[in-house]
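Protein chains in written order, with my numbering: chain B, 2 to 325; chain S, 2 to 325; chain Z, 2 to 325; chain F, 2 to 325.
What follows is one structure encoded as structure tokens, with my remarks underneath.
There are 4 protein chains.
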Amino acid sequence: MLGPYPLGACLPTFTSCADRYCLSGYGGGGKTMEEILDLAVQVKPLDGVELVGNWHVNDENIDEVAGMLRERKLKLCLLTPDLWTQAKWGKGSLAAGDKATRAAAVEEVKKVMDWAERLDCAYVNVWPGQDGYDYCFQADFPAAMKWLREGVARCAAHNPKVKVLVEYKLKEPRTHCYVNSASKVLLLLEGIENTGCLLDVGHALAAGENMAEAACLLAEYGKLDYIHLNDNYRSWDDDMLVSAVHVPEYLEFVYWLKRLDYQGWLTLDIFPYREEKIASAAESFAWLELLFAAVEKVGMKEIESVIRRGEGTEASRILRKMLS
Amino acid sequence: MLGPYPLGACLPTFTSCADRYCLSGYGGGGKTMEEILDLAVQVKPLDGVELVGNWHVNDENIDEVAGMLRERKLKLCLLTPDLWTQAKWGKGSLAAGDKATRAAAVEEVKKVMDWAERLDCAYVNVWPGQDGYDYCFQADFPAAMKWLREGVARCAAHNPKVKVLVEYKLKEPRTHCYVNSASKVLLLLEGIENTGCLLDVGHALAAGENMAEAACLLAEYGKLDYIHLNDNYRSWDDDMLVSAVHVPEYLEFVYWLKRLDYQGWLTLDIFPYREEKIASAAESFAWLELLFAAVEKVGMKEIESVIRRGEGTEASRILRKMLS
Amino acid sequence: MLGPYPLGACLPTFTSCADRYCLSGYGGGGKTMEEILDLAVQVKPLDGVELVGNWHVNDENIDEVAGMLRERKLKLCLLTPDLWTQAKWGKGSLAAGDKATRAAAVEEVKKVMDWAERLDCAYVNVWPGQDGYDYCFQADFPAAMKWLREGVARCAAHNPKVKVLVEYKLKEPRTHCYVNSASKVLLLLEGIENTGCLLDVGHALAAGENMAEAACLLAEYGKLDYIHLNDNYRSWDDDMLVSAVHVPEYLEFVYWLKRLDYQGWLTLDIFPYREEKIASAAESFAWLELLFAAVEKVGMKEIESVIRRGEGTEASRILRKMLS
Amino acid sequence: MLGPYPLGACLPTFTSCADRYCLSGYGGGGKTMEEILDLAVQVKPLDGVELVGNWHVNDENIDEVAGMLRERKLKLCLLTPDLWTQAKWGKGSLAAGDKATRAAAVEEVKKVMDWAERLDCAYVNVWPGQDGYDYCFQADFPAAMKWLREGVARCAAHNPKVKVLVEYKLKEPRTHCYVNSASKVLLLLEGIENTGCLLDVGHALAAGENMAEAACLLAEYGKLDYIHLNDNYRSWDDDMLVSAVHVPEYLEFVYWLKRLDYQGWLTLDIFPYREEKIASAAESFAWLELLFAAVEKVGMKEIESVIRRGEGTEASRILRKMLS
């Protein structure tokens, strides 16, 4: 039932997941990249993986990485420049107050775009997680938006074969990130060719959004390019297994993906801190199957007619029908 | 499947639901009490209704009310003294700064206890919703707790045939209510005979609790006496249909009700503002059936063994099994 | 110090404030419009008031209302079509699923625009509070955005002498409102002449925004037209007195209003449910003076240089300096 | 003005602060313990520091540590057993499902209690941060409470010269921690001698509490033993500088500390991820001075009379007076 969708996973799914207390991670660490990929292929429906620039790919190992993926018949769904794990990005990357840091961030993205092209990967993902603020009187809001626009535009112009996606998030690692909602991304990307949005379901939830509504909005502007799946309790990006918390919202999301005729990647971005790694990925895809099957059982037509009438009790009834 | 549980409903379920913008309600108002009860009985599994002192019952009409209920074979599951809809309670009832108001609140509860006894109703519900504060430097915290304890104790001592329940809520109508969590209720009621707790699922959710955990805690202290069902999006007491939002939490809750051998009322406290009234109640009970059936399908034993192992992927898998 | 800003107030500030429990309000009700305005003028710095179409103004009394304001030297800062207090708008106004309701909403706004012109008022405020949803599978997201755009465009084209403002809010009265953030308003209004945004500080806070950041974003697009002041605890629109909760955020907001050279109205939209009415308004303006004075004491230049360096400890220090 | 209060700091204040993205920290790492203490003493008002068992103290270095502190005239305010940074505690410590892990946790606390005694430290701090759950159907709620009680009781009985404090937190590192509020701690500690509560202001805020109310409640039960200072935006434990966000709440808290005649430690538990370390601590104490001075300027009597009347506008006015 998941047929039309290419399915992917980020690598943290298969390795050690650390938090600020347990910096060495709760288990699963110490693996080579080949070992991680060997775990990944054990998750049957997987078509591809995401890699991060410099963590996994660099000028020296790029051909080797290409080989590792080829051998395992894994596509590279996304390559992400690392703009957040090093102290040098701590006060921002594309929107850092420091001009040289902003320039370095742009160069980082460009370099990774070229790697992406060499690895047959259509997208890089700019997540400006460090671009934000923590304290009042710490942010120059108009300058930050200007710098973000300029930075994204310079990246997007660099290599037309690789599209620059922007991922939004309300907070973490900053208490306030500038690019914090689907609407904000659309304002940011307006008029910049070769750009799109990466919708992370958990980020949408933590931003107070309904992810189906976010997907519709992005699609309206032609910017719904890529999707990260996970779940959380809304107040934080817990990166839990798919549909662990938001069952009705996930069903509605799946319905709209079908109605919007979304054709892109559905990629796991989960952090199974204390959980078995392969089981977590497999379980997430099993949930995804349940969700698609539930929607198909009731049928697009019937759902559409309930939506059109907009009556709460009917909405409740059709949800119940999906789960009966 | 709902066999062992007596099922009830609050009357707002069947009448006009107003909010602060639409004070006349979104429809369904203007009914006599008999008309409301006639709607209620159309909801098949209903065993009883909740009434509110002075709104529905008073010294003059009490025998008439008894008759109305008898004719319709409805029990009175709960009688609630009105300590919140009149401006005189605006700055508090049992914990008001004004001594006379506190005394009046106690008298109001006592009077309603005696009505409850006459109506064969085992419980009154003290909801100290106006007892709280909005601004910093507005509350005398130690005094408020002392007054609440004294007030509840005086009520509880009044009539041993009617148990005094206390319902907690984090906020609304005050931005901060004193009695705001299951733990706080237990501290409040400690050592006071003839008292218990009314667990409103939506209040638990809005207080950041998992309602199954709240139920277990209350049961440990012998205070899980009565349950209100509804749902919301956590930031407010939206009083939505059962399981509209929190499907995994509701399944876990139902599992624990069975494991704790809860035997009391399961009563709807929903506000179907824009929804059809009877359909909303019927739909809520249909959800309740789905939840119990899902738990029973998997079985108490298997769930218990998953809980005992405490592995996240197994928890996800068993949840999925319940909904497949 | 508040010299350059015209100061206003909504009328609920001076009359009965009801909530869903205490529908008759906590006191202060039962006044004629003249009596309310007589209270308003007792708040010294007040330059104008907001009125609501049909509540306060109609075809019959419009000249009389003009006279009442003239006598008291009060301007009409804003006239708001009532799209939310009647059951007929319960399932939406500009974005209702029902076509006739959408058309009626547009007519309501147009009528109020013409009244506004006659009353020398530059703005009407479209608050699509009922346009949203409560349950999953209840909303047609793309259609709703389309209807909202069409409706606003038709209103905005009606009378070029009166600007159509749109006020955003995350939730209430619906659990999800479509027009829920500053960014969303900007997307909505894009390309529609004669429109702007009403920034309600409490709505920004409840939407998880920093209101200074929201103001900067709106100003960048030339849409920061009008401001409502109040405060809350973020999870709900508590409509409390100015700066009751968010002192640092309010200081930063005031700084940016000055830096952005905002010249529009600063209008109270508070609901002093249990508080004295005139004192609440006076106190709110006194807070506003404190905030402006604190910013001016430290000076725009020094604040700007702290912002430029973006160091958290310096941000903390300058905040402390403002309040010492 | 801070005279009567002994002032302390946790060591992360002076060293590298990592988060889950930047595991090597944003700067300030790589220091020996002596170097860290040398930074600490540069913060003038500091009377003591907190240490963590095994990180800073062990059987080998305990006399050396005693010497380091003595030389710098620093007291050891608190010694905390590390029950959270190692993968072995990942599924719980005192309330782990695994019996051997529970026993190991108790032994860890006991060992640290004896070290505390040797270092003239009156308290150890049990923070059961890993004791909780992430997924529905993962927790055995009644068993967890029982294990927590048993574990705490066994620790508390071990060494009467060292008091066992328990620190509560709503979430992180688990999405749900069992010991999540002031009320829950009181229920947990009931009837167990030689125990008390560590009130972390940021944990109270993130749990939806007003920290003044929490302090009053703990004091009523004789369990307000120790206080951690920091601030956050409520949805997460951001560990920011004192009073960076919650100015009115902090003023009210300081007022109640005085009224309750609290005499214990006021210790910084801040994580200045991107900030200068010494400046962050100094700034936090400077804020504390501002808060105490503001309360004293207005005076305890006047504040008490405002509280007694409970009028919102008066509460706003007295807050304004404190900050004028």
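Even for Gly, the Cβ is constructed at its ideal location relative to N, Cα and C.
DSSP three-state call for residue i: helix, strand or coil?
i, result
"I228 of chain S", "strand"
"V125 of chain B", "strand"
"T268 of chain S", "strand"
"V296 of chain Z", "helix"
"E72 of chain F", "helix"
"H57 of chain F", "coil"
"L84 of chain Z", "coil"
"E210 of chain S", "coil"
"H159 of chain B", "coil"
"E36 of chain B", "helix"
"Y251 of chain F", "helix"
"L242 of chain B", "coil"
"V50 of chain Z", "strand"
Is residue i near the ligand ADP, in the sense that its beta carbon is under 7 Å from a heavy atom of that ligand?
i, result
"C18 of chain B", "As for the ligand ADP, it is missing from this structure, which has no ligand bound."
Span of the alpha helix (DSSP H) holding residue i?
i, result
"G93 of chain Z", "It is not in any alpha helix (DSSP H) - G93 of chain Z carries neither H nor E in the DSSP assignment."
"D201 of chain Z", "Careful: D201 of chain Z lies outside any alpha helix (DSSP H), inside the beta strand (DSSP E) at 196 to 201."
"V44 of chain F", "V44 of chain F -> no alpha helix (DSSP H), and no H or E assigned at all."
"L261 of chain F", "Run containing L261 of chain F: none; DSSP gives neither H nor E here."
"L320 of chain S", "313 to 324"
"S306 of chain S", "301 to 310"
"K111 of chain S", "100 to 119"
Just to check my reading of the structure: residue i and residue j have Cβ atoms closer than 8 Å, yes? What is that Cβ distance to the nearest angstrom?
i, j, result
"L189 of chain F", "L149 of chain F", "6 Å"
"G313 of chain B", "Q139 of chain Z", "6 Å"
"P273 of chain B", "C23 of chain B", "Not quite, the Cβ-Cβ distance comes to about 14 Å (not below 8 Å), so this is no contact."
"W202 of chain Z", "L230 of chain Z", "First, the amino acid is wrong: residue 202 of chain Z is Val here, not Trp. Yes, V202 of chain Z and L230 of chain Z are in contact; Cβ-Cβ is about 5 Å, under 8 Å."
"S25 of chain Z", "A88 of chain S", "7 Å"
"I228 of chain S", "G265 of chain S", "6 Å"
"L79 of chain F", "E51 of chain F", "4 Å"
"Q131 of chain S", "S94 of chain S", "6 Å"
"R309 of chain Z", "G98 of chain B", "7 Å"
"D270 of chain B", "D240 of chain B", "6 Å"
"R73 of chain S", "E284 of chain B", "Not quite, the Cβ-Cβ distance comes to about 48 Å (not below 8 Å), so this is no contact."
Anything in chain S within Cβ reach of residue i, meaning under 7 Å, just list it in chain order.
i, result
"R275 of chain B", "G313"
"A245 of chain Z", "Y136"
"P143 of chain F", "C217, E221"
Keeping to the same chain, check which residues put their C-beta closer than 7 Å to that of residue i; ignore five residues upstream and five downstream.
i, result
"K246 of chain S", "At residue 246 of chain S the sequence reads Val, which differs from the Lys that was named. Closer than 7 Å at Cβ, skipping near neighbours: D232, N233, Y234."
"K298 of chain F", "M323"
"A215 of chain Z", "A183, L200, A205"
"K162 of chain S", "E118"
Grab me the residues of residue i's own chain with a C-beta within less than 8 Å of its C-beta, minus the 5 sequence neighbours each way, in chain order.
i, result
"V186 of chain F", "V167, Y169, V180, C198, L219, K224"
"H57 of chain B", "L12, M34, V66"
"A154 of chain B", "I193"
Hey, could you find the ends of the beta strand (DSSP E) residue i is sitting in?
i, result
"V78 of chain F", "Note that residue 78 of chain F is Cys in the sequence shown here, rather than Val. Taken as a continuous stretch (DSSP letters only), the beta strand (DSSP E) holding C78 of chain F covers 76 to 81."
"A10 of chain B", "8 to 11"
"L190 of chain Z", "No beta strand (DSSP E) contains L190 of chain Z, which is instead part of the alpha helix (DSSP H) from 183 to 190."
"K164 of chain S", "164 to 168"
Take residue i and list the residues in its own chain whose beta-carbon comes closer than 6 Å to its own, dropping the five residues that flank it on each side.
i, result
"H177 of chain S", "G133, Y134"
"V53 of chain B", "T81, D83"
"L171 of chain F", "N181, A207, A208"
Report the neighbours of residue i on chain B: residues whose CB is nearer than 8 Å to its CB, in chain order.
i, result
"P249 of chain S", "A245, V246, V248"
Can you pull the chain F residues whose beta carbon is under 9 Å from the beta carbon of residue i, in chain order?
i, result
"T86 of chain B", "Y22, C23, L24, S25"
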